[in-house]
Amino acid sequence: MNVTLRGRKQHFRTVSFDAEHNRVVLIDQKILPHTFSLAETEDFRQTALAIKDMTVRGAGAIGAAAAYGFAQGCRAFRGKSLERFEAHAQKVFDTLAGARPTAVDPVNAMKQVRNVMSQGETVQKKQDLALLAANLFAEEDVEHCQAIGRLGAELIHDGMTILTHCNAGWLAFVDVGTATAPFYEAQAQGKQFHVLCDETRPRSQGAILTAWELAQQGIPHHIIPDNAAGHLMQRGKIQMVITGADRVLAKTGEAANKIGTFTKAVLAKYHKIPFYIAIPLSTIDWEMKSGMDIPIEERNENEVLCAWGKLQNGKKTSAGSACVRVANPTSHALNPGFDVTPPELITGFITPKGIFKPKELAAKLKKFRA
Ligand code: MRU
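What follows is the structure, given as structure tokens:
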């Protein structure tokens, strides 16, 4: 999407690859919205760290970062032994897969790359195929998001106010985004609507990233406190909810997404407000049988106890660096990163292939399974 820097609009992708230097290039999301800058990783370990420390975050974006990181690691191998190459590739795969556990996209993306690589008969051929497949994953991610935008825009009508949670925008994907893609398409169609961004404590992806994205694209919006949605729904001020997801179980229709999504889905159901989840196919877990088995990332307690941002004197701090202690100094915090929304609270999944009810999802998408 476009970013205006020093008065000039420029197009950026959240994740890309510098093939000449074998580097993954990322928009550094730790320092947004106060600083826009690109970060480069020199090897797969650095790429895994960038996923872990959330320099890059969001299901599709960490999927693409993992695909490129896998290609990066495979391309760095020196030698001709296929056996040693396979052992090295497995180590790269495991390191990247372990960086963040809840989203399934990194594993799906790397499996896709590994499948294509298996057609190569030499190390060199496999290395070339790895990059080709990572590029294909990234392109497919963009195409899926564009299709979600076209389908999702049909749900948006003039005068609507739509709530979104966390950031499932273009920063969470290679480009365009999922939950925000219908907004961009509806805007292009000239529709008039308003977006509410849940602040999304503790990392505040809604206040920091979604609001920045929408501001860059000129979409009217407000940031609301995480606790305000119930009140606003009760007063008829929200007509629809669209979020993203980090893992959707094909077998059950359950969806893991940023902590607080489940609460919003319960509120939406109570107020009879449609609740949609927008996902590319890489977010589908075809194997897992129960949402209770989804690994929920437990994050650093400082995210809850502290605050980061820009001081009035212009000095900036970012997550992971020095912070302002907000909470009582002797208290500790629990910080689960995600929750699981059951299918009965989900009106539909907006996918690149259509909008489906949770129960229909597996049957409708079976033929697209990679
Ligand atoms: O912890 P994050 O920021 O990587 O979490 C991911 C998210 O932003 C949300 O859960 C999002 O709604 C789904 S990712 C497209």
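Each residue of the sequence shown is one higher than the last, beginning at 232 in our numbering. Positions of the beta carbon are idealized from the N, C-alpha and C atoms, including for glycine. Only a predicted model underlies this, so the values are computations on that prediction, with no experimental measurement involved.
So, helix, strand or coil for K547, using DSSP? Sequence index remark: in the sequence shown, residue 547 carries index 316 (1-based). Of the three classes helix, strand and coil, the one that applies to K547 here is strand, per DSSP.
Nearest residue (CA-CA) to M519, options K541, V479, C554: Counted from its first residue, the sequence shown places residue 519 at position 288. Among K541, V479, C554, the Cα nearest to that of M519 is on V479.
Look at the alpha carbon of M391 and the alpha carbon of A384, and state the distance between them as a whole number of angstroms. Taking the first residue of the sequence shown as 1, we reach residue 391 at position 160. Taking the first residue of the sequence shown as 1, we reach residue 384 at position 153. Going from the Cα of M391 to the Cα of A384 covers about 12 angstroms.
Extract the residue ranges of the alpha helix (DSSP H) inside the segment 337 to 394, only unbroken runs of 4 or more that lie entirely within it. You should have 354 to 384.
On the three-state DSSP scale, how would you describe F580? Position 349 of the sequence shown holds residue 580. If DSSP states are grouped into helix, strand and coil, F580 belongs with the strands.
Between G289 and the ligand MRU, is there a pair consisting of the residue's CB and a ligand heavy atom that are separated by less than 6 angstroms? In the sequence shown, residue 289 corresponds to position 58, counting from 1. True, at least one ligand heavy atom lies under 6 angstroms from that Cβ.
Let me confirm a value: M638 is counted as buried when at least 16 other C-beta atoms fall within 10 Å, else exposed. Which label applies? Residue 638 falls outside the range modelled here, since the chain spans only 232 to 601, and no answer is possible.
Can you tell me the Cα-Cα spacing of A496 and A417, whole angstroms? If you number the sequence shown from 1, residue 496 lands on position 265. If you number the sequence shown from 1, residue 417 lands on position 186. Cα to Cα, A496 sits roughly 23 angstroms from A417.
Contact set for F267: own chain, Cβ-Cβ below 7 angstroms, skip 5 residues either direction: Here residue 267 refers to the residue found at position 36 when the sequence shown is read from its first residue. Once the five neighbours on either side are set aside, the close Cβ partners of F267 are V234, L236.
Establish whether the CB of K342 and some CB of chain C are separated by less than 7 angstroms. The structure shown has no chain C; it contains just one protein chain.
Straight-line gap, E317 to A334 (C-alpha atoms, nearest Å): Residue mapping note: residue 317 aligns to position 86 of the sequence shown, counting from 1. Residue mapping note: residue 334 aligns to position 103 of the sequence shown, counting from 1. Their backbone Cα atoms lie some 25 angstroms apart in a straight line.
Over what stretch of residues does the beta strand (DSSP E) that includes E271 continue unbroken? Position 40 of the sequence shown, counted from the start, is the residue given in the question as residue 271. Here the beta strand (DSSP E) through E271 covers 269 to 272.
Under DSSP, the beta strand (DSSP E) around K489 begins and ends at which residues? Here residue 489 refers to the residue found at position 258 of the sequence shown. Where K489 is concerned, the enclosing beta strand (DSSP E) stretches over 486 to 489.
Of the listed residues G437, F569, R530, nearest to F493 (C-alpha basis): Taking the sequence shown and counting its residues from 1, the one referred to as residue 493 is at position 262. Closest by alpha carbon: F569.
Got a sec: does the ligand MRU put a non-hydrogen atom nearer than 6 angstroms to the Cβ of K495? One-based indexing of the sequence shown puts residue 495 at position 264. K495 Cβ: outside cutoff for every heavy atom of the ligand MRU.
Can the beta-carbon of H265 be found less than 7 angstroms from the beta-carbon of K584? Numbered from its first residue, the sequence shown carries residue 265 at position 34. Numbered from its first residue, the sequence shown carries residue 584 at position 353. With contacts defined by Cβ atoms closer than 7 angstroms, H265 and K584 do not form a contacting pair.
Reference A428, options G461, Q321, H452, T582, closest by Cα: By one-based count along the sequence shown, residue 428 stands at place 197. One point to set straight first is that residue 428 is Cys, not Ala, in the sequence displayed. Among G461, Q321, H452, T582, the Cα nearest to that of C428 is on H452.
On the DSSP bridge list, what partners appear for N233? To locate residue 233, count along the sequence shown from 1; it is residue 2. Residue pairing from DSSP places N233 in a beta bridge opposite H242.
Looking at I398: is its Cβ nearer than 7 angstroms to the Cβ of Q436? On the sequence shown, residue 398 is found 167 positions in, with the first residue counted as 1. On the sequence shown, residue 436 is found 205 positions in, with the first residue counted as 1. In the sequence as displayed, the identity of residue 398 is Asn instead of Ile. Yes, they are a contact pair.
Quick check: is any heavy atom of the ligand MRU less than 6 angstroms from the C-beta of D477? Mapped onto the sequence shown, residue 477 falls at position 246. Yes, the Cβ of D477 comes within 6 angstroms of a heavy atom of the ligand MRU.
Residues bridged to Y180 [DSSP beta-bridge criterion]: Nothing in the structure corresponds to residue 180, since the chain is present only between 232 and 601.
Nearest-angstrom Cβ-Cβ length linking P475 and I508, presumed shorter than 8 angstroms: Taking the sequence shown and counting its residues from 1, the one referred to as residue 475 is at position 244. Taking the sequence shown and counting its residues from 1, the one referred to as residue 508 is at position 277. Going by the sequence as given, residue 475 is Gly instead of Pro. Confirmed, Cβ separation roughly 7 angstroms.
Select from A553, G522, K590 the residue whose C-alpha is nearest the C-alpha of E534. Stepping through the sequence shown from its first residue, residue 534 is reached at position 303. The option with the nearest alpha carbon to E534 is A553.
Which term fits G484, buried or exposed, when burial requires 16 or more other beta carbons within 10 angstroms of its beta carbon? Taking the sequence shown and counting its residues from 1, one reaches residue 484 at position 253. With 16 or more Cβ atoms within 10 Å of its Cβ, G484 is classed as buried.
Since A369 and T514 should fall inside the 8 angstroms C-beta cutoff, what is the C-beta to C-beta distance between them, to a whole number of angstroms? Within the sequence shown, the letter at position 138 stands for residue 369. Within the sequence shown, the letter at position 283 stands for residue 514. In fact, because the Cβ distance is near 15 angstroms, the residues do not count as touching under 8 angstroms.
Once you ignore the five residues that flank A281 on each side, which residues in its own chain have a CB closer than 8 angstroms to its CB? Working through the sequence shown from its first residue, we reach residue 281 at position 50. Taken in chain order, the residues that qualify are V255, L257, A270, T272, V287, A296.
With respect to 6 angstroms, is the separation between the Cβ of K489 and the closest non-hydrogen atom of the ligand MRU below this value? On the sequence shown, residue 489 is found 258 positions in, with the first residue counted as 1. Under cutoff, so the answer is yes.
Start-to-end residues for the alpha helix (DSSP H) that takes in V557: By 1-based counting over the sequence shown, the position of residue 557 is 326. From DSSP, V557 is part of no alpha helix (DSSP H); its letter is neither H nor E.
Between the C-alpha atoms of P511 and K468, what's the straight-line distance to the nearest angstrom? Along the sequence shown, read from residue 1 onward, the residue named residue 511 stands at position 280. Along the sequence shown, read from residue 1 onward, the residue named residue 468 stands at position 237. Whole-angstrom Cα-Cα distance: 29 angstroms.
With a cut-off of 8 angstroms, do at least 3 Cβ pairs link the segment 372 to 381 to the segment 402 to 420? Between the segment 372 to 381 and the segment 402 to 420, the count of C-beta pairs closer than 8 angstroms reaches three or more; the two stretches touch.
Under the DSSP definition of a beta bridge, which residues are partnered with R478? Position 247 of the sequence shown, counted from the start, is the residue given in the question as residue 478. DSSP lists A487 as partners of R478.
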